[in-house]
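*Asks:*
There are 2 protein chains.
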Amino acid sequence: MAAALLTVARYRQLARLIRLFPLPFFVAKWLMLTALISVSVGSASAFFLVSLDWVTSWREANSWVIALLPVGGFLIGLLYHYVGSSVEGGNNLLLDNIHRPATRIRFRMAPLVLAGTLGTHLFGGSAGREGTALQMGGAIADQFTALFRLRPRDRRLVLIAGISAGFGAVFGTPLAGAVFGLEVFLIGRISYEAILPAFGAALGADYVTRWWQVGHTHYHIDTVPPLTPEYAFYAALAGVAFGGCAIVFGKLTHVTSLTFKRWIAFPPLRPLVGGAVVAGFVWVIGTTRYIGLGIPVIVQAFEQPLPPPDFAMKLLFTALTLGAGFKGGEVTPLFFMGATLGNALACWIPLPIALLAGMGFVAVFAGAANTPLACILMALELFGVACGPYVAIACIMAYLCSGHRGIYGSQVVGQSKHLFWGRQQGRKLSDL
Amino acid sequence: MAAALLTVARYRQLARLIRLFPLPFFVAKWLMLTALISVSVGSASAFFLVSLDWVTSWREANSWVIALLPVGGFLIGLLYHYVGSSVEGGNNLLLDNIHRPATRIRFRMAPLVLAGTLGTHLFGGSAGREGTALQMGGAIADQFTALFRLRPRDRRLVLIAGISAGFGAVFGTPLAGAVFGLEVFLIGRISYEAILPAFGAALGADYVTRWWQVGHTHYHIDTVPPLTPEYAFYAALAGVAFGGCAIVFGKLTHVTSLTFKRWIAFPPLRPLVGGAVVAGFVWVIGTTRYIGLGIPVIVQAFEQPLPPPDFAMKLLFTALTLGAGFKGGEVTPLFFMGATLGNALACWIPLPIALLAGMGFVAVFAGAANTPLACILMALELFGVACGPYVAIACIMAYLCSGHRGIYGSQVVGQSKHLFWGRQQGRKLSDL
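Protein sequence lines, in the order shown, are assigned to chains A and B.
Going by this note's numbering, the first sequence wraps up at 432, each residue one higher than the last.
Going by this note's numbering, the second sequence wraps up at 864, each residue one higher than the last.
1. Under 7 angstroms Cβ to Cβ from B/Thr577, same chain only, skipping five residues before and after it: list those, please.
2. For the alpha helix (DSSP H) holding B/Ser495, just list the boundary residues, first then last.
3. Could you check whether the segment 545-562 of chain B touches the segment 505-513 of chain B, counting it as contact only if at least three pairs of C-beta atoms, one from each stretch, sit closer than 8 angstroms?
4. With a threshold of 8 angstroms between beta carbons, is B/Ala633 in contact with chain A?
5. Which word fits A/Met32, buried or exposed, when buried means at least 16 other C-beta atoms lie within 10 angstroms of its C-beta?
6. With a threshold of 6 angstroms on Cβ separation, who are the neighbours of B/Leu773 within its own chain once the five nearest residues in sequence on each side are excluded?
7. How big is the Cα-Cα spacing for B/Leu468 and B/Leu614?
8. Shortest alpha-carbon distance to A/Thr253 belongs to which of A/Ile140, A/Tyr399 and A/Gly323?
9. So is B/Gly671 buried or exposed if we call it buried at 16+ other beta carbons inside 10 Å?
10. Does B/Arg491 come out as helix, strand or coil in the three-state DSSP assignment?
11. For A/Gln411, go through chain B and note every residue whose CB falls closer than 8 angstroms to its CB, in chain order.
12. Comparing the C-beta of B/Leu812 with each C-beta of chain A, is any distance below 8 angstroms?
13. What's the gap between the Cα of B/Leu725 and the Cα of B/Ala542?
14. Since I believe B/Val611 is in contact with B/Glu562 (beta carbons under 8 angstroms), could you give me their beta-carbon distance rounded to a whole number of angstroms?
15. Between A/Val278 and A/Leu69, how many whole angstroms is the CB-CB distance? I'm expecting something under 8 angstroms.
16. State whether the segment 188-195 of chain A contacts the segment 613-630 of chain B, with contact taken as three or more CB pairs (one from each stretch) at a distance under 8 angstroms.
17. B/Ser495 and B/Thr720 look like a contact to me (Cβ under 8 angstroms); what is the Cβ gap, rounded to whole Å?
18. Show which residues of chain E have a CB atom less than 9 angstroms away from the CB atom of B/Phe767.
19. Under 8 angstroms by Cβ, that's how I've got A/Gly422 and A/Ser416 pegged, so tell me the actual separation to the nearest angstrom.
20. Using alpha carbons as the reference points, say which of B/Lys759, B/Val823 and B/Leu809 lies closest to B/Ala789.
21. If contact is defined by three or more beta carbon pairs under 8 angstroms, each pair taking one atom from either stretch, is the segment 507-526 of chain B in contact with the segment 730-738 of chain B?
22. Please state if the CB of B/Ile530 and the CB of B/Gly569 are separated by a distance shorter than 8 angstroms.
23. By DSSP's criteria, A/Asp189 is part of a beta bridge. Which residues make up the other side?
24. Exposed or buried, what is A/Ser233 when buried is set at 16 or more other beta-carbons lying within 10 Å of its beta-carbon?
25. Does the distance from the C-beta atom of A/Arg405 to that of A/Ile247 stay below 8 angstroms?
26. Taking its Cβ as the centre, do 16 or more other Cβ atoms sit within 10 Å of A/Pro174, making it buried, or is it exposed?
27. What residues in the segment 207-229 of chain A have a beta carbon less than 8 angstroms from any beta carbon of chain B?
28. Apart from the five residues just before and just after B/Phe457, which ones in its own chain have a Cβ nearer than 7 angstroms to its Cβ?
29. So the candidates are A/Ser85, A/Ala9 and A/Leu400; which of them puts its Cα closest to the Cα of A/Gly243?
30. Buried or exposed: where does A/Asp222 fall if 16 or more other Cβ atoms within 10 Å of its Cβ makes it buried?
31. Measuring alpha carbon to alpha carbon, tell me which of A/Val214, A/Pro333 and A/Leu272 ends up nearest A/Tyr290.
32. So the candidates are B/Leu747, B/Arg491, B/Ala778 and B/Leu701; which of them puts its Cα closest to the Cα of B/Val763?
33. Got a sec, what are the start and stop residues for the alpha helix (DSSP H) B/Thr772 sits in?
34. Taking Cβ-Cβ distances below 7 angstroms as the criterion, which residues of the segment 593-627 of chain B are in contact with chain A?
35. Is A/Val8 buried or exposed, if buried means 16 or more other CB atoms sit within 10 Å of its CB?
36. In three-state DSSP terms, what is B/Lys746?
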């Protein structure tokens with residue numbers, strides 16, 4: 001009895017201390033949590049990147065495997081149908097939980113999305129890796145919610161930290177990752193509630209990934225002319241094109257997904273049929289240029305003129321792959337589309353080809369994900385500071401042009417992009 | 433009559449067109465407005481920077497003029513007392529008008545703050561230039577509100593654009609200027625309503641300033657070690673010190689100002705007395721190191737170890753100068769304090785001296801102005817991308833540590849920095 005009273009007294013004393021100096025406790029608590037998130041998400045990302053590299057090289061060396069894409073799709077479909085229905089919402093499930101904390105994200109989201117993405121890339125689907133990054137990050141981070149019995153308010157911050165960690169680690173851009181986590185769930189508004197968890201987790205996870213000796217691709221923009229009104233006008237025009245590309249991609253993926261759902265009732269059959277169509281296309285056009293991540297083509301887009309239809313082909317392949325139910329995410333294909341579209345625009349726009357490729361790389365993504373600040377930071381981290389003004393113009397124009405549309409249906413309109421759409425504030429993109 | 437009806441019909445047609453395609457009209461309108469703001473604010477900033485340079489060199493060559501600081505102060509005091517009482521609120525008046533659009537900012541704010549700042553620097557007060565930048569920007573931009581009969585909603589965006597333009601042009605950091613304009617009026621929250629005007633005006637004004645052949649100081653951070661947990665810990669510690677410095681400076685300026693107001697009833701006498709005290713100090717310590725902008729010392733702080741008390745001396749001189757009613761702003765002195773404090777911390781913290789100076793440069797400002805994202809972007813623009821992770825840690829720690837305090841009393845708490853201070857949300861800093 002006495003011991004219990006003593007414990008209670010001690011707890012009270014601690015509670016009083018916390019109330020007197022809330023900040024040191026806040027900082028200490030979140031540094032501990034972000035350290036845990038960093039180590040686990042950073043290591044998972046490192047493993048993911050290494051295995052993705054291995055899978056991609058193996059496919060490049062054994063391109064007959066693409067014929068098995070329908071089989072791979074069927075397996076991924078079966079996996080999600082029988083084991084993964086609770087986590088099928090993917091990125092949108094994470095965003096929903098940031099808005100309204102419901103039940104804990106099940107840990108299986110992480111291994112499932114990892115397996116699904118590796119399968120998608122092994123058999124030659126056209127997909128990305130940010131979905132995997134975010135979902136592994138969110139699912140792993142959310143396990144700490146239960147472990148430490150965190151309240152719903154703290155759970156939001158944990159999810160944001162997980163997303164920031166995943167994004168920062170997979171792309172090697174911690175500042176952009178942190179801002180992406182803060183920016184992605186609400187359109188047009190950032191709140192700094194989670195600024196410490198987001199930056200802590202993104203920087204930490206990036207460190208852990210690098211500690212595992214996992215590197216990232218480098219892109220080079222050699223010459224950036226000083227900004228003039230004329231160039232600014234061209235950059236804005238390019239931004240409109242990038243925003244348009246983001247709209248078309250979002251629309252096409254959505255329509256593809258709806259069509260598959262309408263015509264094929266049994267979900268695992270959808271990626272089977274989709275995989276057959278994609279594999280058939282590859283066979284018809286006779287190139288593996290538009291499947292997988294497409295990093296080599298992205299790098300080329302910074303170096304030399306490429307065939308203008310590249311971006312449209314990638315758009316088609318990715319919308320088919322993802323609409324059919326393959327896994328991985330949209331972002332690296334968006335980088336591909338943006339960089340090749342920028343490359344193609346160099347025919348009409350008198351800016352260096354590498355600069356246009358870099359602008360497209362981030363701006364199509366800014367339009368599709370509605371995260372302009374994260375994309376500007378990403379460009380600074382990947383390409384250096386000189387391109388900043390051009391990238392800012394392109395990202396903001398793409399962001400404005402894409403309207404209340406995007407690849408994340410659970411994004412909520414926090415601040416409408418235009419007065420005329422004010423009534424849409426507070427509503428989810430998928431409900432508009 | 434028929435002609436009038438035709439005109440009405442045409443207007444209706446235009447209104448319908450705008451309703452159908454709101455975005456192109458929105459973009460066109462704001463590109464036109466930001467072009468006007470850019471040209472006027474950018475030119476004003478160029479003139480200001482050139483004259484500030486001239487005034488500073490002249491004072492350096494004729495240091496006897498410091499003896500006249502009380503006279504200068506008295507003149508500035510008289511000027512504001514008899515002509516400038518309507519614009520004496522300065523930066524806070526701008527922020528108030530962003531929150532609640534009231535009467536138009538009078539144009540005289542621009543010439544008055546220009547004259548006041550040049551006077552302050554000519555006679556050797558210790559002050560900055562961002563106050564001048566923001567007030568010239570805001571006052572010039574607001575004249576277009578009347579010219580085009582803009583509604584209150586648009587007026588807010590014009591004021592934000594003016595602030596972004598002034599900041600971007602005076603410091604040569606357009607991206608940081610744009611984000612500063614979006615970030616400064618609300619603590620802990622950004623809204624993208626003004627993203628196009630802010631970025632447009634900041635990039636435009638920076639271009640115009642450079643077009644006038646006005647350059648900016650360059651700072652160099654040669655080596656940045658890769659981030660490790662140990663270095664991150666040290667960076668966080670440094671951030672706490674920078675946040676503390678921001679608090680002390682804010683407090684001291686506030687107390688000095690209150691003391692002058694309590695003891696000296698006639699406002700023009702306050703800078704007279706304050707000027708006498710500052711000039712006396714300069715005479716006693718026998719160096720002009722701590723007056724003016726102090727750019728040479730800031731540059732030195734990136735290059736070699738400096739005497740540790742530097743930052744404290746600058747803090748004292750600036751609090752006295754500004755508390756007494758001189759003009760110019762706090763930011764360049766905050767850069768000075770931060771860079772020299774970082775320089776001094778190199779005795780205990782095993783990070784390169786230039787990196788610590790750069791971290792302090794932006795982090796003390798982040799803590800005092802509650803604008804961490806703008807400060808991170810500023811560091812990237814001024815020092816390059818490599819320092820990003822360190823700067824982010826320092827800025828966020830300084831931001832969190834400084835609490836609901838800062839140099840702009842009219843900032844409103846948009847999102848409290850800690851749960852425990854939640855009740856302060858929605859209130860002005862000066863009312864807390």
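In this text, a Cβ means the ideal position worked out from N, Cα and C, and glycines have one as well.
Everything numeric in this text was worked out from a predicted model, so none of it was measured.
*Replies:* Straight from the coordinates:
1. Arg536, Arg587 and Val590
2. No alpha helix (DSSP H) contains B/Ser495, which DSSP labels as neither H nor E.
3. yes
4. no
5. exposed
6. Cys677, Phe743 and Gly792
7. 19 angstroms
8. A/Gly323
9. buried
10. helix
11. Chain B residues near A/Gln411: none, gap ~13 angstroms exceeds 8 angstroms.
12. yes
13. 20 angstroms
14. With a Cβ gap of about 14 angstroms, B/Glu562 and B/Val611 do not count as contacting.
15. 6 angstroms
16. yes
17. 6 angstroms
18. In the structure shown, chain E cannot be found, because the protein chains are A and B.
19. 5 angstroms
20. B/Val823
21. no
22. no
23. As written in the sequence, residue 189 of chain A is Arg, which differs from the Asp given in the question. Paired residues: B/Ser623.
24. Sequence check: residue 233 of chain A is Phe here, not Ser. A/Phe233 is exposed by the Cβ-count criterion.
25. yes
26. buried
27. Tyr207, Arg210, Pro226, Leu227, Thr228 and Pro229
28. Ile450
29. A/Leu400
30. exposed
31. A/Pro333
32. B/Leu747
33. Val763 to Leu777
34. Pro606, Leu607, Gly620, Arg621, Ile622, Ser623, Tyr624, Glu625 and Ile627
35. exposed
36. helix
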